[in-house]
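Residue numbers (this note's numbering), protein chains in the order written: chain S, 76 to 416; chain G, 76 to 416.
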């Protein structure tokens, strides 16, 4: 971190981000919720969901594609499905509203779902599954994005990068968490190759004619490919079905058609499932958390990694010494503050 | 089908398989349930789960590793989690017992889970998710198997081939269904390469020292690899957690340790989730089933396939002309009938 110009504690960074959003016209509820997830990304070294996201959110706001002040509405019919209508606002406040009842319902029923409808989405899913893991629950979160990925065997963008996130609570430590795009690579990675003038690895993308390409510009004009061939393509399709069609919200195709661009954050829905291991394992021999630890130890014991370990390492460093911003990041933050002032 | 020696209708084939199991000592409940799934595999041209499976089941029975007559027990506390204790018997009868209540609960609660504990497992998962799709529900089914797959970055068998199956109901037609191993390839495919003296494709397996290999014999002595690198490995780990640790049953490592061999069917648990799209989409604009059809049409419209299309094609042929058995398969069936007589 030789270029670290600034060390900020979490609350200071969050407060500065929150002020930027508030000055841009976001209601306090949303400014605070966005600042929490963006500061968390920066804290964890997850730069693609850190400060870098602020401008995209502001652009979406300036374009009138997100409600600055819709108050999320919680609908609960007492079933295992809880719903929050986000009213066209960003998703984080909607999640924060629904999460406590989701956790309560999962503990009561064994499992429960939170549907978020009509939200504008830009954030990683790990803050959400981690929040549920902190309540002792396993959690799965899915959402479409916008059509930039061709199905396996196809030729044109149809599926989204459709993230798939999961967390399992680990008593006394950070949870087991993964959160990945169901495309081979994120769109941002292809853009980075283009800027660097580097060819893409084979299998990442196809061009506008549907032929395999390693040219980043052709890939951006064509389509990305799902990870894992037809299996990843099937999982991505499942995300469209469960977190798009099933919840009465847009698929990635519908979201792109409605927005008309991939430069703003898309509006669609999200599905989060929460499971109570204590309920699922009730009256069974053994402890589900101990069994999981045995599995994790065996993974680590053969030299493999657990997902998110790098992110948790960065978090530990940030919590100890402060969140390190590079000179460039410090300048970005200052510029955003000056623009809004 | 030039070597087709026999054409049998479904009930005839099922009856002959059922008789083989009954003569081998399986209680009528289990003989019938096994015959249904094996005849369905043969009907669908899913040869790896067809007649070929009979001998493995009989071997597991002869080894005393499956209860021939345990009566599955349904436990229902009124929550969203229904449980069937299989008592060490094969899983299909346990699923059949729990499925109607799972469907009823999913319709009432929006989603529900069926846990099957202490079952011996050899069957594909598509018969189960398809049965729920026939009830108008989306369904997800997961189970561990036994440790034959190394985690990404690892060197030794730990995970199972851990199948992951999903179905979405399509009004008036066969459902959208996928059912795949979370390993790159099935163990049987590696065995087929060994017998044919053909090298494996790169990326399928590692040898006993953890080094990449294309030698099938070395792969069988080493470990298979997950599909899709660290993403597939994470999904496979999730299967171990949700359908092993969480439900108070064995992981793939535990199942192999308990059984001591991969030549018999493993005993562990299974997790099936059922979702009611009608409940999830209630009071939302649009029809979830119509939105899904738009997605499927777009996939097919660009020349990509839907999963299971080949299997449904084989099913259609079988239902029209009868299930075609090759001379070899006819001989196998005859031999199994003679041995049991």
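Every residue gets a Cβ at the ideal spot worked out from N, C-alpha and C, and that includes glycine.
Please read these numbers as outputs of a predicted model, since none were measured by experiment.
Hey, residue 143 of chain G and residue 169 of chain G are a contact pair by Cβ (cut 8 angstroms); roughly how many whole angstroms apart?
-> Actually they do not touch by this definition, with Cβ atoms about 14 angstroms apart.
Per DSSP, which one or two residues make a beta bridge with residue 288 of chain S?
-> S/280
Measure how close the beta-carbons of residue 301 of chain S and residue 234 of chain S come, nearest whole angstrom, since I'm counting them as under 8 angstroms.
-> 7 angstroms
Identity of the residue in S/226, S/216, S/267 and S/184 nearest residue 313 of chain G by Cα = S/216
Within the 8 angstroms Cβ cut-off, does residue 328 of chain S reach chain G?
-> yes
Any alpha helix (DSSP H) of 4 or more consecutive residues that is wholly inside the stretch 78-148 of chain G | 85-98, 103-118 and 127-137
Enumerate, from N- to C-terminal direction, the unbroken alpha helix (DSSP H) stretches of 4 or more residues contained entirely within the stretch 166-234 of chain S.
-> 166-184 and 201-208
What residue from G/87, G/136, G/83 and G/112 has the CA that sits closest to residue 334 of chain G's CA?
-> G/136
Neighbourhood of residue 201 of chain S by C-beta, 6 angstroms cutoff - its chain only, sequence neighbours within 5 removed | 240, 252 and 254
How about residue 313 of chain G: is its C-beta nearer than 8 angstroms to some C-beta of chain S?
-> yes
Please report the residue range of the beta strand (DSSP E) in which residue 398 of chain S lies.
-> 398-401
Inter-residue Cα distance where the pair is residue 120 of chain S and residue 386 of chain S = 6 angstroms
Spatial neighbours of residue 128 of chain S in its chain, beta-carbon cut-off 8 angstroms, leaving aside the 5 residues before and after = 113, 116, 197 and 198
From which residue to which residue does the alpha helix (DSSP H) around residue 263 of chain S run?
-> 262-271
Neighbour list for residue 154 of chain G in chain S, Cβ cutoff strictly below 8 angstroms | 183, 184, 185 and 354
CB of residue 163 of chain G within 8 angstroms of CB of residue 342 of chain G, strictly = yes
If you compare alpha carbons, which of G/104, G/402 and G/329 is closest to residue 222 of chain G?
-> G/329
Straight-line Cα distance separating residue 155 of chain G from residue 175 of chain S = 18 angstroms
Measure the C-alpha to C-alpha separation of residue 388 of chain G and residue 85 of chain G and round it to an integer number of angstroms.
-> 16 angstroms
Straight-line gap, residue 190 of chain S to residue 161 of chain S (C-alpha atoms, nearest Å) = 10 angstroms
Expressed to the nearest angstrom, what Euclidean distance is found between the alpha-carbon atoms of residue 276 of chain S and residue 188 of chain S?
-> 38 angstroms
Selected residue, minimal CA-CA separation from residue 355 of chain S, among G/152, G/141 and G/101 = G/152
Alpha carbon to alpha carbon, how far is residue 123 of chain G from residue 412 of chain G? Give it in angstroms, no decimals.
-> 20 angstroms
Return helix, strand or coil for residue 251 of chain S, following the three-state DSSP convention.
-> strand
Enumerated in chain order, which unbroken segments of the alpha helix (DSSP H) with a length of 4 residues or greater are wholly contained in the stretch 331-414 of chain G?
-> 352-355, 363-376 and 384-396
Determine whether the Cβ of residue 89 of chain G lies closer than 8 angstroms to any Cβ atom of chain S.
-> no
Can you give me the start and stop residues for the beta strand (DSSP E) that residue 242 of chain G sits inside?
-> 239-243
Would you kindly report the start and end of the unbroken beta strand (DSSP E) that includes residue 156 of chain S?
-> 156-160
Limits of the unbroken alpha helix (DSSP H) element including residue 314 of chain G | 304-315
So residue 271 of chain G and residue 244 of chain G are in contact, right, with Cβ under 8 angstroms, and what is the actual spacing, rounded?
-> The pair is not a contact, with the Cβ atoms about 39 angstroms apart (cut-off 8 angstroms).
Going along the stretch 239-258 of chain S in order, which residues come within less than 9 angstroms of chain G, judged by CB to CB distance?
-> 239, 241, 243, 251, 253, 255, 256 and 257
Would you say residue 83 of chain G and residue 374 of chain G are within 8 angstroms of each other, going by their C-beta atoms?
-> no
Would you please state the rounded distance, in angstroms, between the beta carbons of residue 74 of chain S and residue 304 of chain S? I believe it to be under 8 angstroms.
-> A query on residue 74 of chain S cannot be resolved here, the shown segment of chain S reaching from 76 to 416 and no further.
Please check if any C-beta of chain S sits within less than 8 angstroms of the C-beta of residue 80 of chain G.
-> no
Selected residue, minimal CA-CA separation from residue 139 of chain S, among S/100, S/89, S/346 and S/395 | S/100
So with Cβ pairs under 8 angstroms, would you call residue 231 of chain G a contact of chain S?
-> yes
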